[in-house]
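So this is what it looks like as structure tokens:
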């Protein structure tokens, strides 16, 4: 149930906020100064953030493609 709560919180983040937090997590894990349990929690959150960023990028890509197609149709129509 905690993961659902985390997912809901992550869904409210912008792409930039998610990417910043993901970079912070990577830095913490690279330093090796976190406990095993904390590392696992950070890793899990990182996966959720990665998934969120990918979703945001795909959505942006779709919007750009749609705008380009609409623009081409107007130019040809």
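In the working numbering, the protein residues as written are 398 to 474. For each residue, glycine too, the CB sits at the ideal point set by N, CA and C. Only a predicted model underlies this, so the values are computations on that prediction, with no experimental measurement involved.
Residues near residue i in its chain [Cβ-Cβ closer than 8 Å; skip 5 each side]
{"i": "residue 471", "result": "none"}
From the options, residue whose alpha carbon lies closest to that of residue i
{"i": "residue 453", "options": "403, 414, 434", "result": "414"}
{"i": "residue 450", "options": "409, 436, 468", "result": "409"}
{"i": "residue 412", "options": "436, 457, 435", "result": "457"}
Close Cβ partners of residue i (< 7 Å) along its chain, the five nearest in sequence each way excluded
{"i": "residue 425", "result": "431, 439"}
Own chain residues within Cβ distance below 6 Å of residue i, not counting five before or after
{"i": "residue 406", "result": "none"}
Cβ-Cβ separation, residue j to residue i (assumed contact under 8 Å), whole Å
{"i": "residue 433", "j": "residue 404", "result": "Contact flag wrong, Cβ pair sits at about 23 Å."}
{"i": "residue 419", "j": "residue 447", "result": "6 Å"}
Cβ neighbour criterion (16 or more within 10 Å) applied to residue i
{"i": "residue 422", "result": "buried"}
Runs of 4 residues minimum, wholly inside the segment 403-447: which ones carry the alpha helix (DSSP H) assignment? 412-428
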